[in-house]
Structures are given as C-alpha cells and as structure tokens.
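Novice: Per my numbering, residue 113 is the first one in the sequence shown, and the count goes up by one each step.
Note that beta-carbon positions come from the ideal geometry of N, C-alpha and C, so glycine has one too.
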Amino acid sequence: MKIRNSLKSIRGRHRDNQLVRRKGRIYVINKTQKRYKARQG
C-alpha cells in the first residue's frame with residue numbers, strides 16, 4: 113500500500129480503480145489488479 117498526497121493520478125491508471133472513503137481516510141482499491149492500492153491522509 114502506498115501513501116500519497118493525491119490519489120487522482122493513481123485512480124486514472126486502471127479502469128477498475130475505485131475511490132473509497134473509510135474511517136475518514138481515502139483509499140484507492142482495485143479487485144483485478146491488486147498492485148493499485150493507495151491511501152491518503
């Protein structure tokens with residue numbers, strides 16, 4: 113899992129990326145390509 117300031121650039125890299133809010137943090141998750149995982153904040 114990467115920790116980034118901005119997740120918008122990561123989200124655009126793969127069409128299955130999803131932006132999710134959990135517990136006040138923003139995550140990018142991807143069910144098909146597991147390497148796209150990131151957290152902000």
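Which residue wins for smallest C-alpha separation from G136, given the options R151, K114, R116 and M113?
Specialist: Position 24 of the sequence shown, counting from 1, holds the residue named residue 136. That would be R151, whose Cα lies nearest to the Cα of G136.
Novice: With a CB to CB cut of under 7 Å and the five nearest residues on each side skipped, what residues in its chain are close to Q145?
Specialist: Here residue 145 is taken as the residue at index 33 of the sequence shown, counted from 1. Cβ within range, chain order: H126 and D128.
Novice: Output the distance between the C-alpha atoms of L119 and K143, rounded to the nearest integer angstrom.
Specialist: Locating residue 119 in the sequence shown gives position 7, where the first residue counts as 1. Locating residue 143 in the sequence shown gives position 31, where the first residue counts as 1. Going from the Cα of L119 to the Cα of K143 covers about 17 Å.
Novice: Can you give me the start and stop residues for the beta strand (DSSP E) that R134 sits inside?
Specialist: For the purposes of this step, residue 134 is identified with residue 22 of the sequence shown, where counting begins at 1. Its beta strand (DSSP E) spans residues Q130 to R134.
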